[in-house]
Amino acid sequence: MKTQSSFAKSVDSGKLYLVPTPIGNLDDMTFRAIKTLKAVDLIAAEDTRHTQQLLNHFEIENKKISFHEHNTQERIPLLVDKLKNGENIAQVSDAGMPSISDPGKELVRACIDADIPVIPLPGANAGLTALIASGLAPQPFYFYGFLKRKKNEQIDELKNLNHLKSTFIIYESPYRLKKTLSNMCEVLGNSRQAVVCRELTKKFEEFNRGKLSELLNWATENTPRGEFLIIVDGNSEDVNDNENDTFLTKMSINEQVDYFISKDMKTNDAIKKVAKMHGVKKQEIYNLYHQI
């Protein structure tokens with residue numbers, strides 16, 4: 015076990031400060047974040063050009079060094095050596111909290127292993143900002159971040175997320191939003207409640223609330239622009255884990271109904287359950303099952 019006393023005077027090394035930056039509106043920068051960026055010896059930035067715009071706005075003139083996903087292994091030994099020599103470093107991403115969906119966790123781990131204090135500052139976070147305005151249950155919640163891009167991998171991820179009773183948070187690109195919503199309809203059902211948020215804290219901030227099928231229609235009829243989040247309601251069904259396994263999804267509609275009947279469920283209840291799984295009206299499954 016290791017104990018970190020963040021502000022102990024006996025620490026000889028420098029400190030790594032994790033400094034959040036605004037996700038859009040520059041007024042969301044905290045006084046402490048500005049003070050810290052002015053006080054440190056070096057700022058490790060995901061994109062130095064992007065960070066320079068922020069620094070210019072707040073008249074911060076400290077030195078910068080690039081630290082992003084493509085130079086992580088090269089930069090970490092250099093930054094750790096500087097910290098060991100007593101320099102204080104602030105690490106920032108392009109927007110929001112460092113390490114969440116941006117580089118940073120590897121540097122944090124290296125500092126912890128080297129007994130260098132890691133000091134987090136509170137600040138802007140897109141996931142929580144969207145969650146509290148979504149209208150869906152804010153707790154418990156599950157932050158997932160970005161889904162994988164390939165359809166089969168994304169489908170597998172969504173099947174796992176379908177087990178969750180809690181609200182969950184997804185980040186998504188405007189270019190993949192429609193495909194992701196389509197996959198969500200396929201796995202989670204058309205009727206699952208969700209919220210698509212875009213451009214949080216910015217001029218064109220927007221919340222679209224409704225069923226996944228309605229949100230897919232919106233994404234199809236419009237041209238999504240900006241940074242997106244999808245907040246999805248948890249699975250309220252009292253479903254056995256085995257009932258969502260891959261073997262069940264490979265069954266035909268009739269086989270699914272028969273499966274639930276084999277679990278001592280009445281035929282009409284089994285039909286209703288399968289209808290809810292697929293996000294369709296009970297009558298559709300009833301007609302298919304009874305070959306009407």
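Just so we're aligned: 75 in this note's numbering is position 61 of the sequence shown, and the numbers increase by one with no gaps anywhere. Cβ atoms here follow ideal geometry from the backbone N, Cα and C, with glycine treated the same way.
Check                                                                                                         : Outcome
Per DSSP, the bridge partner or partners of Pro134                                                            : Leu32
His84 versus Met265, Gly118, Asp170, residue with shortest Cα-Cα distance                                     : Gly118
First and last residue of the uninterrupted alpha helix (DSSP H) at Ser227                                    : 226-235
Own chain, CB closer than 6 Å to Lys98, minus 5 neighbours either side, in chain order                        : Ser27
Proximal residues to Ala53 (C-beta, below 8 Å), its chain only, five neighbours per side dropped              : Asn102
His177 beta carbon less than 8 Å from that of Asn282                                                          : no
Residue environment, Gln105, which counts as buried when at least 16 other CB atoms sit within 10 Å           : buried
DSSP-derived helix/strand/coil call for Lys192                                                                : helix
Classification of Leu161 by the beta-carbon crowding that lies within 10 angstroms, buried from 16 upward     : buried
For Ile183 and Phe45, the rounded distance between their alpha carbons                                        : 28 Å
Identity of the residues DSSP links to Asn222 by a beta bridge                                                : Val210
Inter-residue spacing [alpha-carbon to alpha-carbon] between Thr237 and Ala147                                : 23 Å
With 16 other Cβ atoms within 10 Å as the buried cut-off, status of Met15                                     : exposed
Thr17, DSSP secondary structure in three states                                                               : coil
N-terminal and C-terminal residue of the beta strand (DSSP E) that Thr181 is part of                          : 181-186
Check: Ala124 C-beta below 7 Å from any heavy atom of the ligand FAD                                          : Only the bare structure without any ligand can be found here, which leaves the ligand FAD out of the picture.
Element boundaries [alpha helix (DSSP H), containing Ala144]                                                  : 140-148
Stretch-stretch touch, CB-based, cutoff 8 Å, three pairs: the stretch 219-234 with the stretch 182-200        : yes
Ser20 classed as buried or exposed, judged by whether at least 16 other C-beta atoms fall within 10 angstroms : exposed
For Ile37, the nearest candidate out of Phe157, Asp108, Val210, Ser266 (CA to CA)                             : Asp108
Through-space distance from Pro131 to Gln270, alpha-carbon basis                                              : 55 Å
Residue ranges of each beta strand (DSSP E) within the stretch 70-119, 3 or longer                            : 78-80, 103-106
Of the listed residues Asp116, Leu68, Arg212, Glu75, nearest to Tyr189 (C-alpha basis)                        : Arg212
Closest by C-alpha distance to Leu214, when choosing among Glu241, Tyr156, Gly224, Ser113                     : Glu241
Minimum C-alpha distance to Asn174 - residue among Ile74, Ser187, Tyr185, Tyr158                              : Tyr158
Segment limits, beta strand (DSSP E) that includes Ile299                                                     : Note, Ile299: premise wrong, no beta strand (DSSP E); alpha helix (DSSP H) at 296-303.
Through-space distance from His82 to Gln67, alpha-carbon basis                                                : 17 Å
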